[in-house]
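Residue 252 is where the sequence shown starts when you use the working numbering, and the numbers rise one by one after that.
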Amino acid sequence: MKNTFGENLKRLRIAKNFTQEQAAQLLNISPKSLSRWECGSTMPDVMMLPEIARLYCVTVDDLYKEHSVAYENYAARLLSVYEASRDLHDFYNAEREFAGLLKSKKYTMNDLRLYGILYQYHMADCKAMALRLFETGLAMGESNASEVYHQIVRQRMLLRSQVGENEKNIEEQIAKLTEQPHDFYCYINLLVAYLYANDNQKALEVFQKAEKEFPDQALLYAYGGDLYKRVGNCEEAFACWDKALSLDSEMTAVLWSKGFCCEEMGEYQKAYEVWITLVVWLEERGYEVEAEEPRKLAERCREKLPR
């Protein structure tokens, strides 16, 4: 009867340059016990299998496969498992092992390369999953929840922008606006597509055209403020943000934009007032945790004010 398990133990031990005595010492067993395992006359307790696998930098399953290969370390083996499975649980196992290597400072240059590859694979998997979720949401149709539908459209555009697909975003939104020239969201989505592509001039053209047709839309002025800030026109930026808040006092994203802009301008008193306004708004609605960040920002500005 073929002794696959025992043959693997011997081959893996030799690949690691361990003598039977060294391997036995690391496993806290006698050399005689290890010799019997390798010969196939006895088998280790099942509870020892993870420890044996880790010593030889393989998985427990590898111990029973024909011609198993010893990896440079256990982290490298777990990377190969994730590469094959693309399972989130396998990613976390490999990530935890690589993180331990870095913490122990016993890593090699190749470990860093493999750790980077792990995240490279995971990044691709995350992008694919995000796109699947966005597409599933969009497939539910705009009629279910128009505002959320277009939030998904813009979030998908952001993801595409991050991987260099700005032209695809712009082409799609131009086509949508052409089909529905009087749809407010089509203007917003095209404006955002140009913002993500850093085409400020085109974004400004879309904003100015939309402003004539939709002068009472808070979301338009929220994006308009961000656009004017980007091109260095802070006066127009604040005018847009204030208009957005006058149209919709719940649009707190505008307060974040105003606060950071005030800080960048060195207007710490104004920034402080904005952050406090945001803190109050959040606390009144029970968002104590969310209020912590603007509270810290307010304190930072207060410390910069003249005594």
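Note that CB positions come from ideal geometry on N, CA and C, so glycine has one too.
Just verifying my parser: in three-state terms, what is the DSSP assignment at residue i?
i	result
R558	coil
M252	Reliability fails at M252, whose pLDDT of 49 lies under 50, so the model's placement of it is uncertain and the value that follows must be treated cautiously. Three-state DSSP puts M252 in coil, outside helix and strand.
R405	helix
C437	helix
G392	coil
F269	coil
Y333	helix
A448	coil
K316	coil
In or out: residue i buried (at least 16 other Cβ within 10 Å) or exposed?
i	result
H401	buried
A274	buried
K463	exposed
C290	exposed
Y474	buried
Which residue's Cα is closest to the Cα of residue i: the options?
i	options	result
Y322	C491, K316 and S331	S331
L533	C308, R546 and Y519	R546
T293	C512, L384, G475 and L260	L260
M408	L496, A448 and E514	A448
E554	L306, R305, P301 and G517	G517
Y333	C308, V309, T359 and Y372	Y372
E416	I439, Y445 and C437	Y445
D313	L339, Y358, K357 and T255	T255
H318	E258, A350, Q406 and F342	E258
K316	R262, E456 and G388	R262
A266	F349, N324 and W288	N324
Quick check on the DSSP output: the alpha helix (DSSP H) that includes residue i runs from which residue to which?
i	result
P282	P282 to C290
F511	A504 to E515
S355	L339 to S355
N484	N484 -> no alpha helix (DSSP H), and no H or E assigned at all.
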